[in-house]
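In the order they appear, the protein sequences are chains A and B. Numbering-wise (the working numbering), the first sequence opens with residue 47 and increments by one. Numbering-wise (the working numbering), the second sequence opens with residue 476 and increments by one. We treat Cβ as the ideally placed atom computed from N, Cα and C, and that holds for glycine. Note that the structure is a prediction, hence the values are computed from the model and not measured.
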Amino acid sequence: GNSVTQMEGPVTLSEEAFLTINCTYTATGYPSLFWYVQYPGEGLQLLLKATKADDKGSNKGFEATYRKETTSFHLEKGSVQVSDSAVYFCAHLDPGGTSYGKLTFGQGTILTVHP
Amino acid sequence: DAGITQSPRHKVTETGTPVTLRCHQTENHRYMYWYRQDPGHGLRLIHYSYGVKDTDKGEVSDGYSVSRSKTEDFLLTLESATSSQTSVYFCAISDDEASEQYFGPGTRLTVT
Chain A
47 GNSVTQMEGP VTLSEEAFLT INCTYTATGY PSLFWYVQYP GEGLQLLLKA TKADDKGSNK
107 GFEATYRKET TSFHLEKGSV QVSDSAVYFC AHLDPGGTSY GKLTFGQGTI LTVHP
Chain B
476 DAGITQSPRH KVTETGTPVT LRCHQTENHR YMYWYRQDPG HGLRLIHYSY GVKDTDKGEV
536 SDGYSVSRSK TEDFLLTLES ATSSQTSVYF CAISDDEASE QYFGPGTRLT VT
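Structure, rendered in structure tokens:
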């Protein structure tokens with residue numbers, strides 16, 4: 047079945063450090079891929095997306111590239127800030143089979159950035 | 476931000492009582508979804524709707540029912556609440572089943 051696997055957290059970094067959060071997926075078709083961010087006490091916000099192979103999604107200094115050959119969509123940021131502390135969710139939306147229109151989420155990665 | 480509200484935002488209820496959570500949108504989106512969020516599980520789909528009176532089950536639908544009598548409102552009912560239904564519930568909307576979903580602020584439900 048469809049699944050999304052994220053790197054285990056929590057991740058703790060110092061301000062201005064480089065961030066990578068790994069995400070891999072399985073799907074029956076060619077899914078759209080997303081990163082959502084959840085700040086404490088809030089709902090999920092769409093951070094970025096990519097809808098086809100080799101697309102790069104970017105927003106607020108975060109980037110992720112859709113890699114069909116490795117079924118991955120790793121999130122990166124060159125210099126994190128304290129305000130980036132949140133939970134990050136990778137997700138895919140599979141256009142094929144019985145999962146059509148349904149988002150499948152990874153388990154989430156907690157990021158804490160210290161000054 | 477997408478116009479999505481959820482009510483109540485917090486609720487404590489006793490085992491065996493019925494509970495209804497409401498999701499209201501002002502975006503006129505066709506698709507609406509209910510998820511639950513639990514530690515270590517990410518978000519899991521409970522039920523979804525693809526139009527007024529058109530609903531279907533997600534992966535964790537047991538013990539839950541939904542109704543959608545108007546485009547803007549999607550109700551989630553726990554017919555007889557159990558402690559395993561203690562969770563944070565999120566509503567989401569999208570204008571197309573192949574597009575990104577936008578989430579409401581969530582309802583924290585505690586069943587004692």
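Legend entry - Reduced DSSP category for residue 127/A - H, G, I as helix; E, B as strand; rest coil: coil
Legend entry - With 16 other Cβ atoms within 10 Å as the buried cut-off, status of residue 582/B: buried
Inset, instruction - Determine, using beta carbons only, whether residue 2/A and residue 108/A come nearer to each other than 9 Å. - result: The question about residue 2/A has no answer, for chain A in this structure spans 47 to 161.
Inset, instruction - Kindly list, in the order they appear in chain B, the residues whose Cβ is closer than 9 Å to that of residue 135/A. - result: 517 and 518
Inset, instruction - Assign residue 84/A to one of three DSSP states: helix, strand, or coil. - result: strand
Legend entry - Simplified DSSP state of residue 591/B, which is helix, strand or coil: The shown model of chain B, from 476 to 587, leaves out residue 591/B, and the question about it has no answer.
Legend entry - Cutoff 6 Å; reference residue 563/B; Cβ partners in own chain excluding five residues on either side: 512, 581 and 583
Legend entry - For residue 521/B and residue 495/B, the rounded distance between their alpha carbons: 14 Å
Legend entry - Which listed residue (150/A, 148/A, 160/A and 139/A) has its alpha carbon closest to that of residue 98/A: 139/A
Inset, instruction - Check whether the Cβ of residue 109/A lies closer than 9 Å to any Cβ atom in chain E. - result: Absent from the structure: chain E. Protein chains present are A and B.
Legend entry - Touching by the beta-carbon criterion (3+ pairs, under 8 Å), the stretch 520-536 of chain B and the stretch 545-552 of chain B: yes
Legend entry - residue 521/B - partner residues in DSSP beta bridges: Answer by DSSP bridge pairing: none, since residue 521/B is not bridged.
Inset, instruction - Note down, in chain order, all residues in the stretch 74-92 of chain A with a beta-carbon under 8 Å from any beta-carbon belonging to chain B. - result: 78, 80, 82, 88, 89, 90, 91 and 92
Inset, instruction - Give the residues of chain A in contact with residue 580/B, contact being defined as C-beta atoms less than 8 Å apart. - result: 88 and 89
Legend entry - Spatial distance of residue 486/B from residue 100/A (CA atoms): 44 Å
Inset, instruction - Return yes when the Cβ of residue 154/A is within less than 9 Å of the Cβ of residue 55/A, no when it is not. - result: yes
Inset, instruction - Keeping to the same chain, check which residues put their C-beta closer than 6 Å to that of residue 525/B; ignore five residues upstream and five downstream. - result: 506
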